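Chains A and B supply the protein sequences, listed in that same order.
Using our numbering, the letters of the first sequence map in sequence onto residues 1 to 115.
Using our numbering, the letters of the second sequence map in sequence onto residues 1 to 111.
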Amino acid sequence: SAVISQKPSRDICQRGTSLTIQCQVDSQVTMMFWYRQQPGQSLTLIATANQGSEATYESGFVIDKFPISRPNLTFSTLTVSNMSPEDSSIYLCSVEGGQSQETQYFGPGTRLLVL
Amino acid sequence: QKEVEQDPGPLSVPEGAIVSLNCTYSNSAFQYFMWYRQYSRKGPELLMYTYSSGNKEDGRFTAQVDKSSKYISLFIRDSQPSDSATYLCAMSGTGFQKLVFGTGTRLLVSP
Chain A
1 SAVISQKPSR
11 DICQRGTSLT
21 IQCQVDSQVT
31 MMFWYRQQPG
41 QSLTLIATAN
51 QGSEATYESG
61 FVIDKFPISR
71 PNLTFSTLTV
81 SNMSPEDSSI
91 YLCSVEGGQS
101 QETQYFGPGT
111 RLLVL
Chain B
1 QKEVEQDPGP
11 LSVPEGAIVS
21 LNCTYSNSAF
31 QYFMWYRQYS
41 RKGPELLMYT
51 YSSGNKEDGR
61 FTAQVDKSSK
71 YISLFIRDSQ
81 PSDSATYLCA
91 MSGTGFQKLV
101 FGTGTRLLVS
111 P
């Protein structure tokens, strides 16, 4: 199984600022995923990040708001730009894995509070 | 209407009880059905997955899929306090990448 770490684990930010979240994996992976888990809401896929190509965003999420970098096969960043209180959420990265790529391994998440 | 509906709970049961967790869905294209467990302040971890309809058993856990009713279940036998967590159902139409999650059901098993 893959071991995933995220930084920061939590942060409190002022509205209008930006925060970059880092995701580090202990093995090389092709696909990395970024999710948002808002209070009382389901885990929602923001985008899929492949190394060497532009991230693919899901409906309702745009690159200007959530720019993603994927510089190599073990690392990715998600930036939450121009934050508002509605961006308060847990942000998780994940990678596909398992013998048949049948699962996703998740990081512990980054808890973001925007004031 | 959400694609996947799941009762948020909390569901409180005594140790040793049989637990039934359920999700309903609306998208008939879903073929892969998964259950994830999420402990507090941790990321979700995969418990089980099934493809199409039928049952799958793994130790104390049994997953059932009824595609005709668009209804999936996870049963936990002989529940333990260590089973206390949030259980998320997830589904996809094509493989395990674009997953659609339920909101999760919080389970509390008391000693």
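For every residue, glycine included, the Cβ atom is placed at its ideal position computed from N, Cα and C.
Small disclaimer: the values here were computed from a predicted structure and weren't measured.
- [ ] Leaving out five residues on either side along the sequence, give the residues of the same chain with a beta carbon under 7 Å from the beta carbon of A/Asn-50.
- [x] Thr-30, Met-31, Arg-70
- [ ] Could you spell out the range, first to last residue, of the beta strand (DSSP E) harbouring A/Tyr-91?
- [x] 89-97
- [ ] Report the residues of the region 98-111 of chain B with a CB closer than 9 Å to any CB of chain A, ordered along the chain.
- [x] So the close ones are Lys-98, Leu-99, Val-100, Phe-101, Gly-102, Thr-103, Gly-104.
Open item on the list: Restricting to Cα atoms, I'd like to know which of A/Thr-17, A/Ala-2, A/Leu-45 is closest to A/Val-80.
Closed with: A/Thr-17
Open item on the list: Taking the beta carbon of A/Ser-76 as the centre, do at least 16 other beta carbons fall within 10 Å, making it buried, or is it exposed?
Closed with: Using a 10 angstroms sphere on the CB of A/Ser-76, the tally of other CB atoms reaches 16 or more, which defines it as buried.
- [ ] Compare the C-beta of A/Phe-61 against all C-beta atoms of chain B and say whether one is closer than 8 Å.
- [x] Not closer than 8 Å to any Cβ of chain B, the Cβ of A/Phe-61 fails to qualify, so no.
Task: A/Gly-52: contacting residues in chain B (beta-carbon distance under 8 Å) - done: By Cβ distance, chain B contributes nothing, its closest Cβ being about 18 Å from A/Gly-52, past 8 Å.
TODO: Determine the DSSP secondary structure at B/Ser-92, reduced to helix, strand or coil.
DONE: strand
TODO: Can you say whether A/Asp-87 is buried or exposed, counting buried as having 16 or more other CB atoms within 10 angstroms of its CB?
DONE: buried
- [ ] Check each candidate in A/Leu-92, A/Ile-63, A/Gln-24 and name the one with the smallest Cα separation from A/Thr-73.
- [x] For the record, residue 73 of chain A in the displayed sequence is Leu; it is not Thr. The residue with the shortest Cα to Cα distance from A/Leu-73 is A/Gln-24.
TODO: Using a Cβ-Cβ cut-off of 8 Å, state whether A/Phe-106 counts as contacting chain B.
DONE: Among the CB atoms of chain B, one or more fall inside 8 Å of the CB of A/Phe-106.
Task: Same chain, Cβ closer than 7 Å to B/Ala-139, five either side skipped, listed in chain order - done: Shown here, chain B extends from 1 to 111; a query on residue 139 of chain B therefore has no answer.
Open item on the list: Please identify the residue among B/Phe-61, B/Lys-42, B/Asn-27, B/Lys-56 whose C-alpha is closest to the C-alpha of B/Ser-79.
Closed with: B/Phe-61
Task: Proximity test, Cβ basis, 8 Å: A/Met-32 and chain B - done: no
Open item on the list: Taking DSSP's pairing of strands, which residues face A/Met-31 in a bridge?
Closed with: A/Asn-50
- [ ] Provide the residue span of the beta strand (DSSP E) that contains A/Lys-7, from first to last.
- [x] 4-7
- [ ] Please compile the residues from chain B whose C-beta is within a distance smaller than 7 Å of the C-beta of A/Glu-102.
- [x] For A/Glu-102, the residues of chain B that pass the 7 Å Cβ criterion are Tyr-49, Phe-96, in the order they occur in the chain.
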